[in-house]
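62 is the number of the first residue of the sequence shown in the working numbering; add one for each residue after it.
We treat Cβ as the ideally placed atom computed from N, Cα and C, and that holds for glycine.
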Amino acid sequence: MNVNAVSAVFQRVLENPEVSADSDFFVMGGDSLLATRVLSAIARTSGVELDFDDFLDAPTPSALAKKIASADQSASPA
């Protein structure tokens with residue numbers, strides 16, 4: 062799941078088209094309940110399940126896309 066796809070999820074959940082790759086979810090008005098919606102959408106779309114601590118560590122589309130890529134690679138067989 063790339064940064065544009067994560068940004069689109071943020072835009073949809075926050076109902077804000079102004080989300081960019083470096084927009085902080087919580088600064089943009091997100092809260093823990095909305096974060097669970099983002100995590101659920103990511104799991105449905107990419108198959109990668111992140112937890113809330115992952116989201117707190119990476120609250121921007123760019124940082125979260127990197128976490129998704131990293132989790133996806135570690136889940137792939139070598």
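Between F113 and A132, the gap from beta carbon to beta carbon reaches 8 angstroms or more. Burial is judged here by how many other beta carbons sit within 10 angstroms of a residue's own beta carbon; A124 has at least 16 and is buried.
The shortest CA-to-CA distance from I103 to any of S81, F87, M89, P122 is the one to P122. Excluding the 5 residues flanking it on each side, E110 has same chain C-beta neighbours closer than 7 angstroms at A104, in chain order.
In chain order, L75, N77 place their CB closer than 8 angstroms to the CB of G90, counting only its own chain and leaving out the 5 sequence neighbours on each side.
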